[in-house]
Every structure is written in C-alpha cells, then in structure tokens.
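Protein chains in written order, with my numbering: chain A, 22 to 765; chain B, 68 to 295.
The beta-carbon is built from N, C-alpha and C at its ideal position, and this holds for glycine as well.
Computed from a predicted structure; not experimentally measured.
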C-alpha cells in the first residue's frame, strides 16, 4: 500500500504529537493516544487528526450525550424511523409519513448572527429532503437576553433577518416557533430550527453507501474555506477573550439550496432504482457525510479523489476540503453504471454534480490528493467508534439549598400588574418577528403564528398537522427533571388545544459543559424528565440534536431542551384556535390552580430573578386534563382553547380576547395573585351556550365556569379579593407594541 | 380554457397557483419551464411569485433573459391575459412589459400579512367580478413591493385607468398606494398581493377567486365570440 503523505505547509505528525497541536482542534490527550495507539498504530498526519477532530466532536459523535440519549422513550406503533437517520418518520395514514427534526445553530449565530441563522435553516432543510420528504413547514425557537444595548438589538434583528431571508427564498413557510427573553442567554443566544416534511412512505431514502464499485457523487455548491472545522468549533465554549472566531461560520445561499432540493427530490422520486443513499453535507462537511454513509452500509471501504471535489478557492489542502462546512452540498451513493442518468438530472436543474470516488473492498477510508494517499483510516473508527464518556453528575449547589416556599406576589393594583405583565417581552406579541417570515407559501397554513400551535393541512386529505416548539428554561433551572416533564407537557397542551392528538417529538438539547458535574446533572435529569412525559403522552422522540458548552465566561445558560412536537388533526373541522369567537360564549378554566410561583414570570417581573424550588407537577393529572379537552373538541363542543402557561390564567384570558377584540365578564373564587400562578395542566376553553350541558357533563369537576364573552371590548375579571378591569384595545396595544418598542 | 404557469429557477409559488387553478377553478393548467420558447395553445399566462434566480442583482432582473421571455412578449402582444404575481410582477417590470419598478419596502423588511385592497377599476379582464371601490383581502409576502414610477407615468396610469388595485393601508411605501397595475392595453396585470393564497376560506380568505374567475369569464367570452 502507498505511504500516507503529509502536506508540506502543515505541521508534521511528529510536531503534532510533540507540540500537542491536536488540542487546538478539540481532541484531548486521551483521544489522540487512542487514535495513535489503538486505531492507526502510527502517528496520524495533519489531515487525519482533522478528520478525527471533526468526527469525534460532540456535534458529530454525541460522545458526552450518548449514554443520556439512550434513556429517551423512542418506541411507538406509528414510528417508521426513530433517531439515527437524518430525521425521524411517523406514519400518519394514507401511505404518508411526517418527517421532522430540529437543529441548533447557537454558536455560529453568537458570532455572525445573520449567516449563523441562515445556515441553521439550510442545514435542517437538507436533513428533511435527504429523507425523500418535501419540507412543508419550519419553526424557530429563539432565546435572547432582554435587549439593553444596541448590540443586543443588532443580534436579535440579524438572527431574525437571517431566518427570514433563507426560509422565504426557498419557499418553505415558517409557521411558528417561540421566542422568549432572559439574561441567562446573554452572549449565548439560542437559535433552534425545526423542519417538518411530508413524504410517501414507499419512498424512504437512507444515508448509506453500500456495494463495491458504486459511485460517490458530490452535489451542489463548490467547497470553499468557510466554516472549516465548524463542528468542533460548535463544541467549544465562548469567552470574552476569544471574540474573533468568524472564519468558522459558513455563508448560506438559499437559491442554490432551492435548486439542490428540487433536484434531489427529482432523483429520489423518479430515479430511485439508481440511488443507493443520500446524505446532507452538514457538520464536518465531506468527512462526516462520507464516513457516516460508509459506516452505515457496513463491510466496505471508500476511496475519494479530492482533486475531483469542486473547489471555490485555489490551493485548498485535504484538511480544508474535508472539514469545510460550505453550505448547500449533498453526497449521494449511485449504483455503478447509472451515474450518467443521475448526473443528467442534476444538470437539468442547473446543479453541479460530479463523481468523486467509489465504494471499495475492505474497511479503509482513503483519501487521494494530487495522486498521493493523504489519509487512510478504518471507516468505522471515524463514524461509529468515537469514544463515549460517562460523565460525572452532581446536583448543582443552587438546587441543594433551594427553599420549598413559593414566592408570594404583591398585587396592590391587579389591572396595573396585568398591564405590566402584557409588556414583558416573553409574554408580548411576537408579530414584529413572524411578520417578516413567509408563513403561507405552499398555501396549506390553516393556523399561522400567534396561536398555541401552527396548523398545516395535508392537501387533498381531510387532515392536518399541528406543530409547536416549547421549553421554559427557568423551570428546568429550578428542577431539571420536573422542568423536562413540563417542557413536553406544555408542547402537548399546545397540540391538544389546536385540536390534534400528539404524535411525537424532536428536540434540541441546549446545555452547558458536560465535563462539569453540575451541568451534566442538568442534562441527565432533563432527559429523564422529558422521557417520563414522552412515555405518558405516547409521544416518542424520533430525532434530535445536542448543543453543549453553551456558556460564556464560565456561566452556563439555563438548561433548555427545546421540544418540537407534531400532532395529527383528523378532520379539518376540529382545527381549534385560542381566540374567543363570539359574544355570549361561555368560558371555562380546565384544571386546578395552585401556588405555582417559583420560576414564574411574575417572580421574574417582581424580583428580577427566579429562585426557590419549582412548584409541583403531576403527569397523570396533566394527561387526564389533555384527554378531556381532546374529547370535548372531538365532540364538537369547543369554540376556542388556549393553554395556560407563562403569565398565568389572566394572561391566557387576555391573549384569548386579542384575536377578535372581544371582551369578557368573569367572576372567580381565586385570589388575584392566583391569576398569575403558572400551575400546569390548565386550559382556557370557550363553548357555545347550547353546548353547556354536554360540556359540563363531560368535564365534571375539572372545568370551572368563569363567565361570558362580551362584545363591549372590555376585560372585566372579578376575583375573590379584587378585580382586573381594562379595555381590550388598550391591553392589545400594550401587548403588541412592547417588542417593536424595545427593539427600536 | 387552458392556463400556463411559467416556472423559473427559484420560483416558489408555481404549485400554489397550479392547485388554485386545477382544484378551485377546475380549469386546465400546465407548468411551462423557463427553457421553453413557445406559449402556443394557452389562453392565459400566470407568472408566479418566489425568488427567481435568488433575486440576485435585482428582483426579476435575471429571469427576464430566460428563453421563454420572447414567447411571453408575443403572447402579451396578442392581447390574451398575462398575470404576474409578486416576483411575477417584478419580472414584468424588468422585462418592460409593465412600467415602473419595485423597490425595497420602506421598512426594509420582508412583510407577510393579510392586506385589505381597494378595487380601483372593476372593468378590467382581471377584476370584472368585483365592484368598484370594493374592499378585498389578499395576503402580501414580499421584501421588494414598493412600487415606483415617475410623475408622468403615474399620470398616464391614472388617465388610462391602469391602476386596478390599491392598498387601503399602504404597507410598503408604493406610489399612489398602488398594489396592481396593467399595461396600457389592459391585458397584462402585475400585482404584489397573492390571489392564489386566498382561494379557500380555510386559508383565511377566498377573495382571490374573483381575479381568476374574471380571467376565466373573459377567456370564455372570447371563445364564444370566436366560435359564434
């Protein structure tokens, strides 16, 4: 066999070893020695160290989170494909599958907000269409610090503009998401993008390269020096001394992505017999897509000729070519002899495609450059044999000393406190954000952003998908296990309130540094909590993404496992929104209100922080309340339904009046402060008076009547010890104006 | 009757139009690639929204060099209806088939929302199912929808009754609140709002049907004349 050579401009294998240069690429001493002594039995050259640093990064290998991820509930009758492929698939009947996944782009967005956000959207879209599904909806889950200085406003507006620019251009509607504000995300915003696709179940594609002699085809944009080794960059922590990390960020081109998407779907749908596998070139670019493809197929090797890789810049080294994260690229494995047929499809769509290698006998992953062998490693060593770490776990100090007593809000003037609540950025209308997204292209959006869940119909069928993203990091900070349960429960409440039955979830696990035991504890506990709830609601985890090391100057973000949930609405007449529909309708609150104040918006608003032990939560009770609401909707008894979350019952009531600017006249035995409690498992539901008897019979003691919807544009709620009294117009203006005002 | 829908690289509303014509209007419809050079056999041409060629350089500026454009010019000259929506409007102004141009919205942001329009001319082949001054609701979704033309052109647009739709609450800074204009002959309409997104109540409005129905009525009346 040829000798593996090094590039003259790069450090020699000896220098890498002696000067520990592998450390700057993110490999530990232990990992380097593993590569040298156990895998290769020789010194790795610069290119090979690069391959391992990308593939063994947390982003690609899940080396710190794998043992945790195994705890997820992933089973279900409808699951066609669970975690492991580009995205998971759930059967929704009629030979159709819904495909979904979420991805984080936190680190790139913290450095270059516009491009960080665009490439986040681009990457998740490729994950969906590489499964053979057409993307039908995107959602964005964003976490920012409250804007204080112009730089904060710049970051927020650029991240939103990046999402808008990419999603709008490619013609996939951005139908929802959630945006909240807390200083826990200062210098480390979270940008999580979820994409949902629809496919015929007989067209599933898998990212595998099997069969000796079959060709490896490179598709899409040329490779440049952008985003070099971004995967291992994403696995570093930020600090104030390392501000200039821009070269690790990629640049997005949605027009090219649109062409690549249409061409790939054409190949998958119309040339399936020629296609063996297809995979997105995402994190760690060419090395990850090819090594994963080779490893999944099992039993074969791969030889790539890097001189054939389309290049945007001159004199690129093998290291750069393999680890570039240039966007809008795909890798295909095409059956030998069918190359011309497939290449022609791409040419017709105006997309570059070229054969760069082939599947070989044996188990070697080999790279050639200028006719010389520049890397030669076992294919599985890159993809499936990364080390796995079982990290130490210890309860964070703030949890050990937390007081069980619930915060006691001070409400002297209930109306004034409500007005203040409606202007909290986490509560306030996000219209100024979502109005910059094309929410309607593809003309299937039945419920656009602004209600509990987005609803997208399935064209030509009497059914629809409800989609939402949720998580409240404050709850998880006070109790990661219960907070993890609540994240899934709230997502399910949103799905149920829209008239759907929950099907499954995807997630982005945004956490701190797993090597610190207290931060690993949060990850581990949160996953167990989410899994408890997933099992309860029969919503398996079918895909997901992990983003660790979200910290700045050693301060981690709140543990924030974003939950993206999809539900199925059988029958479009069951689509339900949160807005009160007409005067005279009766309004009920479903579920018990207790003292749920630690971690609440009212605690944050009145004390500037959150503290104490998180309030109680009962998963069984939650499931019971959700089932009752589902039954009421299925029995055609419900006019509107809204889940009660941040800001409590009074906030949910106010939000329900805004859509049609209707008033309410309510009376309740609760105290005014209880109207701000964030006890879970609650809904605000309105019904037509003719359905009163049937509804009350179904609900029993679980629904308490609040009063009537009125047409006098006035919100009047009488509590046991005071009342809320406010013009709906005024409340609406405050709620709608707060965010644009703070971003000016 | 038979509609053609032009599809350029980067168009993204062509299937929305296709379903509107096929499922709602129940008329014949065919996608026509930008690479083709003939529009023979069609009774009306629709140019969809999207981002042709990524809207690089300027919205619609590259699409106008496509092979299909000479056939489009000829079709327009024949007097049959041509409707350009959003990016389609931008392509029509870039190709010189409509006067003026579309600039960046005054907010400098993309805006997507339902927008009330005033029917300013109810006699055109695109608006005959409406009444003059009727308010219709159609969604807008654009970043470059700010219509501009010089004073002389505006005078002519008004004098010839070429302004078909106006915004009630101008969302983008357009001159004279213009949302849609025709050419002087009245058979080429460009509009920023999306009628194909408003063809079913479940999508929020079905006011867009009136525009397609007007085209169908016009084409069928011509058929009667031709065969009569």
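Which one of 235/B, 126/B and 107/B has the shortest CA to CA distance from residue 209/B? Position 142 of the second chain, counted from the first residue, corresponds to residue 209/B. The candidate whose alpha carbon is nearest that of residue 209/B is 126/B.
Taking C-alpha atoms, which residue in 346/A, 306/A, 182/A and 433/A lies nearest to residue 742/A? Counting from one through the first chain, the residue named residue 742/A turns up at place 721. When C-alpha distances from residue 742/A are compared across 346/A, 306/A, 182/A and 433/A, the shortest belongs to 433/A.
CA-to-CA distance, residue 306/A to residue 773/A, given in whole angstroms: Residue 773/A is absent from the structure shown; chain A starts at 22 and stops at 765.
Going by beta-carbon coordinates alone, are residue 492/A and residue 583/A separated by less than 7 Å? Indexing the first chain from 1 puts residue 492/A at position 471. Indexing the first chain from 1 puts residue 583/A at position 562. Residue 583/A is positioned such that its CB atom lies closer than 7 Å to that of residue 492/A.
DSSP has residue 442/A in a bridge; who is on the other side? For the purposes of this step, residue 442/A is identified with residue 421 of the first chain, where counting begins at 1. None, per the DSSP bridge assignment.
Which of the residues in the stretch 183-196 of chain B, read from start to end, lie with their CB under 7 Å from any CB of chain A? Hits within the stretch: zero.
Are the C-beta atoms of residue 264/B and some chain A residue less than 7 Å apart? As a position in the second chain, residue 264/B is number 197, starting the count at 1. It does: the Cβ of residue 264/B has a partner Cβ on chain A nearer than 7 Å.
According to DSSP, simplified to helix, strand and coil, what is residue 666/A? The residue given as residue 666/A occupies position 645 in the first chain. Per DSSP, reduced to three states, the secondary structure at residue 666/A is coil, with no helix or strand assignment.
Alpha carbons only, please: which of 499/A, 31/A and 407/A is nearest the one belonging to residue 421/A? Within the first chain, numbered from 1, the residue matching residue 421/A stands at position 400. The shortest Cα separation from residue 421/A among 499/A, 31/A and 407/A belongs to 499/A.
Tell me where the alpha helix (DSSP H) around residue 128/A begins and ends. Position 107 of the first chain, counting from 1, holds the residue named residue 128/A. Counting along the chain, the unbroken alpha helix (DSSP H) around residue 128/A starts and ends at 127-132.
In whole angstroms, what is the alpha-carbon distance linking residue 82/B and residue 550/A? Mapped onto the second chain, residue 82/B falls at position 15. Mapped onto the first chain, residue 550/A falls at position 529. If I take the Cα positions, the gap works out to 43 Å.
Who are the neighbours of residue 83/B on chain A, taking C-beta pairs under 8 Å? Residue mapping note: residue 83/B aligns to position 16 of the second chain, counting from 1. At a C-beta separation below 8 Å, residue 83/B has these neighbours in chain A: 462, 463 and 464.
The alpha helix (DSSP H) with residue 624/A in it runs from where to where? In the first chain, counting from the first residue as 1, residue 624/A sits at position 603. Its alpha helix (DSSP H) spans residues 622-628.
For the stretch 687-717 of chain A, which segments carrying the beta strand (DSSP E) assignment without a break, of at least 3 residues, lie completely within its bounds, in sequence order? The qualifying runs are 704-708.
When you compare only the Cα positions, how much space is there between residue 286/A and residue 727/A? Taking the first chain and counting its residues from 1, the one referred to as residue 286/A is at position 265. Taking the first chain and counting its residues from 1, the one referred to as residue 727/A is at position 706. Residue 286/A and residue 727/A: Cα-Cα distance of roughly 52 Å.
Is there contact between the stretch 686-701 of chain A and the stretch 541-560 of chain A, where contact requires at least three CB pairs shorter than 8 Å? Short answer: they don't touch.
Select from 229/B, 188/B and 271/B the residue whose C-alpha is nearest the C-alpha of residue 207/B. Residue 207/B sits at position 140 when you count from the first residue of the second chain. Relative to residue 207/B, the option among 229/B, 188/B and 271/B whose CA is nearest is 271/B.
Tell me whether residue 250/B sits in a helix, a strand or coil according to DSSP, three-state version. The residue given as residue 250/B occupies position 183 in the second chain. Reduced to three states, the DSSP call for residue 250/B is coil.
Which word fits residue 128/A, buried or exposed, when buried means at least 16 other C-beta atoms lie within 10 angstroms of its C-beta? Within the first chain, residue 128/A is the residue found at index 107, counting from 1. Answer is buried; the Cβ neighbour count reaches 16.
Spatially closest choice to residue 90/B from 276/B, 173/B, 196/B and 291/B, by CA coordinates: Position 23 of the second chain, counted from the start, is the residue given in the question as residue 90/B. Comparing alpha carbon positions, the residue from 276/B, 173/B, 196/B and 291/B closest to residue 90/B is 276/B.
May I have the straight-line CA-CA distance separating residue 37/A from residue 51/A, to the nearest angstrom? Taking the first chain and counting its residues from 1, one reaches residue 37/A at position 16. Taking the first chain and counting its residues from 1, one reaches residue 51/A at position 30. Spanning the alpha carbons of residue 37/A and residue 51/A requires a straight line of approximately 14 Å.
Distance CB(residue 371/A)-CB(residue 280/A) smaller than 7 Å: In the first chain, residue 371/A corresponds to position 350, counting from 1. In the first chain, residue 280/A corresponds to position 259, counting from 1. Yes; because the gap between Cβ atoms is below 7 Å, this pair is in contact.
Would a check of beta-carbon distances place residue 192/A closer than 7 Å to chain B? Position 171 of the first chain holds residue 192/A. Closer than 7 Å to some Cβ of chain B, the Cβ of residue 192/A qualifies, so yes.
Hey, which unbroken runs of the alpha helix (DSSP H) at 4 residues or more fall wholly within the stretch 68-114 of chain A? List check, alpha helix (DSSP H) in window: 79-82 and 87-90.
Mind listing the chain A neighbours of residue 76/B? Cutoff is C-beta to C-beta under 9 Å, in chain order. As a working note, residue 76/B is residue 9 in the second chain. Those within 9 Å of residue 76/B in chain A are 276, 279, 280, 283, 370 and 371.
Quickly, what does DSSP pair residue 181/B with across the bridge? List them, please. On the second chain, position 114 is the one that residue 181/B refers to. According to DSSP, residue 181/B bridges with 206/B.
What's the C-alpha gap between residue 46/B and residue 253/B? Here chain B comprises residues numbered 68 to 295, so residue 46/B is not present and cannot be evaluated.
Contact test: residue 242/B Cβ vs the ligand MG heavy atom, cutoff 6 Å: Within the structure as shown, the ligand MG is missing, as the structure has no ligands at all.
Flag residue 459/A as yes if its beta-carbon sits less than 7 Å from any beta-carbon of chain E, otherwise no. Judged by its chain identifiers, the structure shown contains no chain E, and its protein chains are A and B.
Use the C-beta contact count for residue 622/A: other C-beta atoms within 10 angstroms, 16 or more gives buried, fewer gives exposed. For the purposes of this step, residue 622/A is taken as the residue at position 601 of the first chain. Residue 622/A should be labelled buried.
Tell me, please, whether the stretch 586-593 of chain A touches the stretch 477-496 of chain A by the rule of three or more beta-carbon pairs shorter than 8 Å. Yes: the two stretches touch, three or more of their Cβ pairs being nearer than 8 Å.
Excluding sequence positions up to five away, which residues of its chain have a Cβ less than 6 Å from the Cβ of residue 423/A? Translated into positions along the first chain, residue 423/A becomes position 402. Once the five neighbours on either side are set aside, the close Cβ partners of residue 423/A are 633 and 634.
Against chain B, with Cβ distances strictly below 7 Å, would residue 290/A count as a contact? For this step, residue 290/A is matched to residue 269 along the first chain. With 7 Å as the cut-off, residue 290/A does not count as an interface residue toward chain B.
DSSP three-state label for residue 266/A, please. Counted from its first residue, the first chain places residue 266/A at position 245. Caution is warranted here: a pLDDT of 49 is assigned to residue 266/A, below 50, making its placement in the model unreliable, and the coordinate value is therefore given only provisionally. DSSP places residue 266/A outside both helix and strand once states are collapsed to three, so it counts as coil.
Is residue 566/A helix, strand or coil by DSSP? Walking along the first chain from the start, residue 566/A turns up at place 545. DSSP, reduced to helix, strand and coil, places residue 566/A within a strand of the structure shown.
Spatial distance of residue 267/A from residue 209/A (CA atoms): On the first chain, position 246 is the one that residue 267/A refers to. On the first chain, position 188 is the one that residue 209/A refers to. Note that residue 267/A has pLDDT 47, beneath the 50 cutoff, so the model's placement of it is unreliable and the number below is only indicative. If you take the alpha carbons of residue 267/A and residue 209/A, they lie about 15 Å apart.
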